[in-house]
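Under this note's numbering, the first residue of the sequence shown carries the number 6, and numbering increases by one thereafter.
Virtual Cβ for every residue (Gly too), placed ideally from N, Cα, C.
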Amino acid sequence: MIKNKIGIIYDEIFAIKHTPPYPKPTFIAFEHPNRIRVMLETLKREQIFDNQHIIKIAPPEIEDNILELAHSKYHIDTIRRISEGGGGIIDDEVFVAPDTFEVSKMAVSGAITAVKKVISKEINQSIALIRPPGHHAFRDKSSGLCIFNNIALSIFYLRQKMNFSGKIAILDVDDHFGDGLAHYFYEDPSVLYISVHEYDFSQVDVGFINELGAGDGIGTNINIPVPEGLSTNEFLDLIDFVEPILREFAPSMLIVATGFDTYFADPIGNGHLTSDVFYNFSKKIRIIADELCEGKIAFILEGGYSIIGLQYCVLALVKGLLNENYASPSFEDLWRNEQSNLSNLEKIKKALMKMIKPYWNCF
Ligand SMILES: [Zn+2]
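Next up, the structure:
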């Protein structure tokens, strides 16, 4: 494996601003600047930024009209107005602080920078450590801790500002279904959206296997709903499961909606993953991308709320890309669950294969 240039994209404001209002006994408090702070501290402590293959990149300021590539004026103005008015809570699941508009716009710029620099071959892979997350945001509304849809905006930027028409595959490994992101590309055959996410099988919800896309995009929306307690081996097995789809799709670039909320200690997600999974994951994805699209991958941060776990997850991801060794902290041994304990997963895979078979030769 040839060593690459890897860009780590962040701005210090992500580690300081857009702070949830306290005290609030709701889950919004977890989307806190400390998420980025602990990740940056660890990467610095581990001298990642001194590595000759790592390039630190600050996203530039962007104009407000860039947001219109994926959002209505009404939604953009709403966030700006609530920020200017001192902040507030939207729908119980989104908070807006006085500096939220500024920070959210910078998150969009981070995602755009991540894909732009990879497409223009300035770097081989990028990791955008940005917040607030984006994959639950829709054209007209914020939702689930997300303000603007960072990844959707980055793709529309490539399409409309850089005339990039190549196929793009999104692999969303956040613990939750990226409903907003799926929605944007549901009828678009040039964007493949694959999501692995926790699903409550006791009730009907979005993100089930029968949402396959529509119109020209039929077959290019692939949902893999998994029960609570996803284990290390199961997660990696699911990546192997989607590999032939990625190969057949043959994208020009891979975007990973990188959520770390499948980590065992995450206060929101209910997965059982330990940080070494993200080491093996980034190695695996890098090998696939090397074969398919000259290694072009942008990892764009979505969720992940364990202040203890985030630092190890991101370090593991970076070490995997660098093809260096990674040893997970010993406390994770208590939780490591490598055996598959979910027989339902095989059933889900089989049912999904049956549904997508008409659209994919690999099944
Ligand atoms: Zn999530």
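Would you check if the distance between the CB atom of residue i and the CB atom of residue j is smaller than 7 angstroms?
i, j, result
"G220", "E192", "yes"
"P230", "F246", "no"
"Y284", "G309", "no"
"G222", "P194", "yes"
"M167", "I18", "no"
"A119", "S131", "yes"
"K10", "N129", "yes"
"L186", "I156", "yes"
"K49", "D104", "no"
"V101", "G92", "yes"
"I273", "F32", "yes"
"L163", "L74", "no"
"N275", "E233", "yes"
"I81", "L72", "yes"
"R144", "H37", "no"
Who are the Cβ neighbours of residue i in its own chain at under 8 angstroms, not counting the five residues just before and after it?
i, result
"W340", "F269, A270, H277, T279"
"I227", "L197, Y198, I199, S200, L217, V247, I250, L357, I361"
"L134", "I13, I14, Y15, F19, I41, M44, L45, G115, L306, V319"
"I60", "K10, I11, G12, I13, I128"
Starting from residue i, trace the alpha helix (DSSP H) both ways and give me its first and last residue.
i, result
"N226", "No alpha helix (DSSP H) holds N226; the beta strand (DSSP E) holding it covers 226-231."
"I361", "349-361"
"H202", "Premise fails: H202 lies in the beta strand (DSSP E), 196-203, not in any alpha helix (DSSP H)."
"K288", "281-298"
"G234", "Neither: G234 is in no alpha helix (DSSP H) and is coded neither H nor E."
"F106", "105-124"
"V323", "314-327"
"K61", "Element bounds for K61: not the alpha helix (DSSP H) but the beta strand (DSSP E), 59-62."
"A75", "Premise fails: A75 is in no alpha helix (DSSP H) and is neither H nor E."
Check for me: the beta strand (DSSP E) holding residue i runs from which residue to which?
i, result
"L259", "258-263"
"L176", "173-177"
Would the beta-carbon of residue i be found less than 6 angstroms away from any heavy atom of ligand 3?
i, result
"V261", "Ligands present in the displayed structure are limited to ligand 1, and ligand 3 is not among them."
In chain order, what residues of the same chain lie with their CB nearer than 6 angstroms to the CB of residue i, ignoring the 5 residues before and after it?
i, result
"H181", "H202"
"F106", "I84, R85, S88"
Return the chain-ordered list of same chain residues with a C-beta closer than 7 angstroms to the C-beta of residue i, the five sequence neighbours on each side being excluded.
i, result
"F368", "M358, I361, K362"
"P64", "I14, D16, M111, S114, G115, T118"
"E253", "W365, N366, C367"
"A142", "S148, C151, I152, F153, N154, G185"
Quiz item: Mind listing, in chain order, the residues whose beta carbon lies closer than 5 angstroms to a non-hydrogen atom of ligand 1?
Solution: Screening all residues for a C-beta within a distance smaller than 5 angstroms of any heavy atom in ligand 1 leaves D179, D180, H181, G264, D266, G308, in chain order.
Practice problem: Check whether the stretch 312-327 touches the stretch 46-61, taking contact to mean three or more Cβ pairs, one atom from each stretch, closer than 8 angstroms. | Solution: The stretch 312-327 is in contact with the stretch 46-61.
Quiz item: So, do the stretch 257-265 and the stretch 297-304 have three or more beta carbon pairs nearer to each other than 8 angstroms?
Solution: Yes, the stretch 257-265 touches the stretch 297-304.
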